[in-house]
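Written out below as structure tokens is the structure these notes cover.
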Amino acid sequence: MKRFSFLLVGVLVVSLLSGCFLQPSAMRGGSKVKPTAARDYVDYSALDYREGEVLIKANGIGSLADVLEKEGSVILNEWPQIGWVAASVPAGETVSSFIAKLKSYKEVLIAEPNMRYELPDPTFKTDLQLMSETELPEGDLYKKQWGLKNIKAEEAWQITTGSPDVIVAIIDTGVDVEHPEFEGKEFVGSFDATGEDTPHLDLHGHGTHVAGIAADDGRTGKMAGVAWDSPIMPIRVMDSTLSIYTYYLTDAMIYLGEYAETNPDKRIVANMSIGGRGYSYAFKDAIDFAAERGVLLVTSAGNDYVRIISYPSAYNGVVTVAASTPHDDKADFSTTGWWNSVAAPGVGIWSTVTEGGYESWQGTSMASPFVTGAAALLLAQHPELTPLQMKNQIEQTARGNGFTEELGYGVIDVAAMIGDLKPMAYGSLKVTTNIDPEDVGNGVITVFGSDGMLRAYGTTGADGSHTFHAMQPGDYTVTLSFYNPVKGSWDIAYDEVRVEVEKTATIGFDVDLEAK
């Protein structure tokens, strides 16, 4: 796996401030002017992406199709639910040069590469740890599953073993549904986001291992998952070349959102033990689309040992899981950071693999499905909870002594999690503007923490506003990017705001869009 820790903060900030061909702008109503030089090119050279494709968000004014036709580009896929398309890079252009050209158009709100994602590395396994189904003594494997006792799953099972109305989605390499351990297990809504139409083909084994941890039925077979009665939904996002791209992950989250919308009697908790270095606006929009329809995303923190940011783990609103040891300490490989929510067992974790076997792996990829399964038990007990309320309950019932970057709020306690609900520990931020989408399209809003790192992103809607939830209390800098029809270019403005617990902070931008 490539390492992209160097200059990461700078790349993120430059990406966001230059991603829409930004220029300084005069402001009204007391808003400050950000003294940032104009930039019309985002440097993606440190990131790995797919050649020949770009992802584009339409601005809502003019015709994006006309722009692409003029440039000799063809639309490859569309996500009208979130206003994005995938398009080809014209002959004679590179991904970076085409993105730079696209951002000069008022019809283009955002353009980005189709970035590559990876399974967190390392995931250790050895031949000595491998047992086939026939070699494994009956019941012996469950004795090795120390993680279930550690998170108090056994106590939680005295109250609930889950619900068939709460689906556990495994967004991963595929799931081997023919594994003997899964005999009698319900699988629903399988989907292959790669377009290869083989959601049950697992060429790696990672997805099958994750599925067993999250939702294997403990009444049968050799082992137990956390959410026994939850159906499993395999969502394959690794193609036959063993590649994972933004395109696939975006498609997966849109699918989950639409599934939830058309099946209102079901709830979905999704596990994604995958990460990438670049901030994808398209992927974040797709996650928000699913969350607005009740889908909670649980993701792994990564196995980088130190504080290296990755996505989706650092997106606001998701539940990010670090890996812990049997002594509730941080596993040495587990990534640290302000984005960590909680921790779960991630060392020596036994589960299912392809070809009917069982292996002991370690990594935050193994920690994340413990929390996903626990979240499914939580929904079985409290089906009315929103994704934010679930995130809050998972964090506030963990066994930590406050928050740390190593373990978040601590190792999860499933028995406490499914009990009494805790008060909300987050606030909200509403950003209002005088931007009329019929006149200038939409504005891009980015929110940075006091450390200068990106915490949230959104776009203005029909009323020119956007509300951010799952905001930790603290001070933030809010930037607004918008198309100025008078100048014929993109402008930027910013202001500062403080968010408090259980309150909605409001910040307003009154931008000057009229000719003098």
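Just so you know, we're using our numbering here: the sequence shown kicks off at 1 and counts up by one. We put the CB at the ideal spot given by N, CA and C, even for glycine. All of these numbers come straight from a predicted model, not from anything done at the bench.
Counting every other CB atom within 10 Å of its CB across the protein chains shown gives Y279 a total of 16 or more, marking it as buried. For I170, the pairing in a beta bridge is given by DSSP as P234, N271. Setting aside the 5 residues that flank it on each side, D265 is surrounded in the same chain by D165, each with a C-beta closer than 7 Å to its C-beta; the list follows chain order. Contact between A224 and Y142 holds: their C-beta atoms lie close to 6 Å from each other, under 8 Å. Each of Q472, A291, T404, K284 was checked against the Cα of G427, and the nearest Cα belongs to Q472. According to the DSSP assignment, K57 belongs to the beta strand (DSSP E) that extends over 49 to 58.
The Cβ-Cβ distance between Y255 and V237 does not fall below 8 Å. Under the 10 Å beta carbon count, T250 is surrounded by 16 or more other beta carbons and is classified as buried.
Out of P113, K70, T94, the CA that lies nearest to the CA of V85 is found in P113.
A direct Cα-to-Cα measurement between S96 and I171 gives close to 29 Å. Bounds of the alpha helix (DSSP H) holding E438 are 437 to 440. Shortest Cα-Cα distance from D176 to any of L148, T161, V210, N150 involves V210.
Rounded to whole angstroms, A156 and L377 show a C-alpha spacing of 8 Å. If you look at M115, you'll find it in the beta strand (DSSP E) that goes 108 to 117. When secondary structure is reduced to three states using DSSP, E406 falls in the coil class, being assigned neither helix nor strand. In its chain, beyond the 5 residues on either side, I167, P231, M233 have a beta carbon closer than 7 Å to the beta carbon of V188. Going by DSSP, M390 is part of the alpha helix (DSSP H) stretching over 387 to 396. Q393 sits buried, since 16 or more C-beta atoms from the chains shown fall within 10 Å of its C-beta. For N484, the uninterrupted beta strand (DSSP E) segment begins and ends at 474 to 484. Residues of the same chain with a CB within less than 7 Å of the CB of M417, apart from the 5 flanking positions on each side, are A374, L378, Q393, I394, T397 in chain order. Taking C-beta separations shorter than 8 Å and ignoring five residues to either side along the sequence, the partners of V74 in its chain run L68, A87, S88, following chain order.
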